[in-house]
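Visitor: In our numbering, the protein residues as written are 68 to 441.
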Ligand code: SF4
């Protein structure tokens, strides 16, 4: 564990905490997200929130002399739960991404209070955690799970902390403690599993590491492993390259050749990674996608159809089908997901859309099973 650092905490109040996504991503199924904190003490070098667009690297007179504003200057939305309570009264019930279990949560307990609000309004939740602190709130999460749906996803990129965490997740809890927390969630009857991301080329992408994470997930009661590669962009890329240089300076040139200054690797490694993880998950009896929770409503059929189409999109990506075809399928998924009338009530002239969906559905499988929308 590196030496402790100065952390500046600023308490703020906000008018808005709920973010509504423009489109489903087909991965975590959240329609909304709500976070009580800005910045993250865990300081992961690869964190996508370091990208310039999130505005979390900005400093002021309180951050002078800090090495890493993103992880040392935290803003705490002290009224986040109260604002969320109001906002949830005006939006349709759907999955919300909540829960931020960095150390400051022990003091402010805002993630817990926000979960309590979700429980009151019966909103399903998905929590992506890198800390066993989430176990503190198992009572609330379990109740949400009983009333609607809850899923706790542990972010785990390597099967062990040694030789990895100190470079890429210097202040995060150990990998071992995350698997233990997963076991506790599973024992409490909560749907749980692993986000094996980002997988780092040449570092955590070996079949041995991927399989070890999958095996440990299974042993810990996890039900799925979803995997994704490393994207690199602006300030986040700078942060990552600094850590990479400390890890092994010979890797810097290899990454530069692989990424060529772009967001994603300039080869087929993401698809190949997805295929490997899919195969290993099937071998070990885990899902490689998270099953979508769909609340009962007149639009349930639309959501299920969209889920199938998103699965199809993923399969097409793994098969490296032409991007134009993948995008066409993705747009069809969004279109159906965002329709305001049930697909079963569409007039006859849209039958062509039904046919297209049926065609795609024939080719979709989920794990080893045929997927049924009935
Ligand atoms: S724990 Fe998550 S949010 Fe925090 S720095 Fe790491 S990746 Fe980013």
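Just so it is clear, CB atoms sit at the ideal spot from N, CA and C, and this is done for glycine as well.
Just how far apart, CA to CA, sit residue 124 and residue 154?
Guide: Counting from one through the chain shown, the residue named residue 124 turns up at place 57. Counting from one through the chain shown, the residue named residue 154 turns up at place 87. Distance between the alpha carbons of residue 124 and residue 154: 28 Å.
Visitor: How big is the Cα-Cα spacing for residue 322 and residue 362?
Guide: Counted from its first residue, the chain shown places residue 322 at position 255. Counted from its first residue, the chain shown places residue 362 at position 295. Cα to Cα, residue 322 sits roughly 43 Å from residue 362.
Visitor: Verify the CB distance criterion: does residue 363 have a CB-CB separation below 8 Å to chain B?
Guide: Checking the listed chains, one finds no chain B in this structure; it contains a single protein chain.
Visitor: In three-state terms, what does DSSP make of residue 201?
Guide: The residue given as residue 201 occupies position 134 in the chain shown. DSSP places residue 201 in helix when its eight states are reduced to three.
Visitor: Residue 140 bridges to which residues according to DSSP?
Guide: Looking up residue 140 in the chain shown gives position 73. Answer by DSSP bridge pairing, in chain order: 75.
Visitor: Relative to the C-alpha of residue 192, which candidate in 242, 201, 200, 182 has its C-alpha closest?
Guide: As a position in the chain shown, residue 192 is number 125, starting the count at 1. The option with the nearest alpha carbon to residue 192 is 182.
Visitor: I'd like to know if the segment 136-155 and the segment 83-95 are in contact, where contact means that at least 3 CB-CB pairs between them fall below 8 Å.
Guide: Put simply, the segment 136-155 touches the segment 83-95. At least three CB pairs are less than 8 Å apart.
Visitor: Could you tell me the distance, in whole angstroms, from the CA atom of residue 147 to the CA atom of residue 171?
Guide: Taking the chain shown and counting its residues from 1, the one referred to as residue 147 is at position 80. Taking the chain shown and counting its residues from 1, the one referred to as residue 171 is at position 104. Distance between the alpha carbons of residue 147 and residue 171 is about 14 Å.
Visitor: Using the C-alpha atoms, what's the distance from residue 297 back to residue 334?
Guide: Indexing the chain shown from 1 puts residue 334 at position 267. Indexing the chain shown from 1 puts residue 297 at position 230. Answer to the nearest angstrom: the Cα atoms are 13 Å apart.
Visitor: Any contact of the segment 247-256 with the segment 200-214, i.e. 3+ C-beta pairs under 8 Å?
Guide: yes
Visitor: Could you tell me the alpha carbon to alpha carbon distance between residue 433 and residue 367, rounded to whole angstroms?
Guide: Position 366 of the chain shown, counting from 1, holds the residue named residue 433. Position 300 of the chain shown, counting from 1, holds the residue named residue 367. Annotation note: pLDDT 49 at residue 433 (below 50); position unreliable, coordinate value reported separately. So the two alpha carbons sit approximately 19 Å from each other.
Visitor: Please state whether the Cβ-Cβ distance between residue 396 and residue 410 is less than 8 Å.
Guide: Here residue 396 is taken as the residue at index 329 of the chain shown, counted from 1. Here residue 410 is taken as the residue at index 343 of the chain shown, counted from 1. Note that the C-beta distance between residue 396 and residue 410 is not below 8 Å.
Visitor: If you reduce the DSSP assignment to three classes, tell me which class residue 110 lands in.
Guide: As a working mapping, residue 110 is identified with position 43 in the chain shown. Correct three-state label for residue 110: coil.
Visitor: Quick check: is any heavy atom of the ligand SF4 less than 7 Å from the C-beta of residue 236?
Guide: If you number the chain shown from 1, residue 236 lands on position 169. Answer for residue 236: yes, Cβ within range of the ligand SF4.
Visitor: What are the start and end residues of the beta strand (DSSP E) that includes residue 27?
Guide: With the chain covering 68 to 441 only, the question about residue 27 has no answer from this structure.
Visitor: Measure the CB-CB distance between residue 326 and residue 299 and report whether it falls below 8 Å.
Guide: Here residue 326 is taken as the residue at index 259 of the chain shown, counted from 1. Here residue 299 is taken as the residue at index 232 of the chain shown, counted from 1. Yes. Within cutoff.
Visitor: Quick check on the burial criterion: 16 or more other C-beta atoms within 10 angstroms. Buried or exposed for residue 246?
Guide: Your numbering for residue 246 matches position 179 in the chain shown. So residue 246 ends up on the buried side.
Visitor: Less than 8 Å between the CB atoms is what I'm expecting for residue 222 and residue 194, so what's the real figure, rounded?
Guide: Taking the chain shown and counting its residues from 1, one reaches residue 222 at position 155. Taking the chain shown and counting its residues from 1, one reaches residue 194 at position 127. In fact, because the Cβ distance is near 10 Å, the residues do not count as touching under 8 Å.
Visitor: Touching or not, the segment 278-294 and the segment 304-320, by the rule of three or more beta carbon pairs under 8 Å?
Guide: no
Visitor: Reducing DSSP to helix, strand and coil, say where residue 168 ends up.
Guide: For the purposes of this step, residue 168 is taken as the residue at position 101 of the chain shown. The answer is coil: DSSP assigns residue 168 none of H, G, I, E or B.
Visitor: Counting Cβ pairs closer than 8 Å, one from the segment 220-234 and one from the segment 162-177, do we hit at least three?
Guide: no
Visitor: CB-CB under 6 Å to residue 440, same chain, minus the five flanking residues each way: which ones, in chain order?
Guide: In the chain shown, residue 440 corresponds to position 373, counting from 1. Because residue 440 sits at a pLDDT of 43, beneath the cut-off of 50, its placement in the model cannot be relied upon, and the point is left open.
Visitor: So, for residue 268: in the same chain, excluding its five sequence neighbours on each side, which residues have a beta-carbon less than 8 Å away from its beta-carbon?
Guide: Walking along the chain shown from the start, residue 268 turns up at place 201. For residue 268, same chain residues with a beta-carbon under 8 Å away, outside a window of 5 residues either side, are 296, 297, 321, 322, 325, 332, 336 in chain order.
Visitor: Have a look at residue 120 and residue 385 and give me their C-alpha separation to the nearest angstrom.
Guide: Sequence index remark: in the chain shown, residue 120 carries index 53 (1-based). Sequence index remark: in the chain shown, residue 385 carries index 318 (1-based). Their Cα atoms are separated by approximately 28 Å.
Visitor: If you run the structure through DSSP and keep just helix, strand and coil, what is residue 127?
Guide: The residue you call residue 127 lines up with position 60 of the chain shown. Correct three-state label for residue 127: coil.
Visitor: Relative to the C-alpha of residue 316, which residue among 270, 277, 284, 345 is closest?
Guide: Reading the chain shown from its first residue, position 249 is the one you call residue 316. It is 270.
Visitor: Does any heavy atom of the ligand SF4 sit closer than 7 Å to the C-beta of residue 197?
Guide: In the chain shown, counting from the first residue as 1, residue 197 sits at position 130. Yes, the beta carbon of residue 197 sits closer than 7 Å to at least one heavy atom of the ligand SF4.
Visitor: If you draw a straight line from the C-alpha of residue 127 to the C-alpha of residue 105, how long is it?
Guide: Within the chain shown, residue 127 is the residue found at index 60, counting from 1. Within the chain shown, residue 105 is the residue found at index 38, counting from 1. For the pair residue 127 and residue 105, the Cα-to-Cα distance works out to about 15 Å.
Visitor: DSSP on residue 253, reduced to helix/strand/coil?
Guide: Taking the first residue of the chain shown as position 1, residue 253 is located at position 186. In the structure shown, residue 253 adopts helical secondary structure according to DSSP, grouped into three states.
Visitor: Note down the Cα distance separating residue 116 from residue 210, rounded to an integer number of angstroms.
Guide: Sequence index remark: in the chain shown, residue 116 carries index 49 (1-based). Sequence index remark: in the chain shown, residue 210 carries index 143 (1-based). C-alpha separation (whole angstroms): 30 Å.
Visitor: Tell me whether the beta-carbon of residue 294 lies closer than 8 Å to the beta-carbon of residue 260.
Guide: Taking the chain shown and counting its residues from 1, one reaches residue 294 at position 227. Taking the chain shown and counting its residues from 1, one reaches residue 260 at position 193. The answer is no: Cβ separation not under 8 Å.
Visitor: If you pair each beta-carbon of the segment 93-111 with each one of the segment 269-283, do three or more pairs fall below 8 Å?
Guide: Contact fails: fewer than three Cβ-Cβ distances are below 8 Å.
Visitor: Is residue 155 a contact residue of the ligand SF4, with contact defined as CB to any heavy atom under 7 Å?
Guide: Taking the chain shown and counting its residues from 1, one reaches residue 155 at position 88. If you check the C-beta of residue 155 against the ligand SF4, you find no heavy atom less than 7 Å away.
Visitor: Is residue 303 near the ligand SF4 - that is, is its Cβ less than 7 Å away from at least one heavy atom of it?
Guide: Here residue 303 refers to the residue found at position 236 of the chain shown. Proximity of the beta carbon of residue 303 to the ligand SF4 is not indicated: no heavy atom of the ligand is located closer than 7 Å.
Visitor: Helix, strand or coil for residue 366, going by three-state DSSP, please let me know.
Guide: Within the chain shown, the letter at position 299 stands for residue 366. Looking at residue 366 - three-state DSSP - the assignment turns out to be coil, as it is neither helix nor strand.
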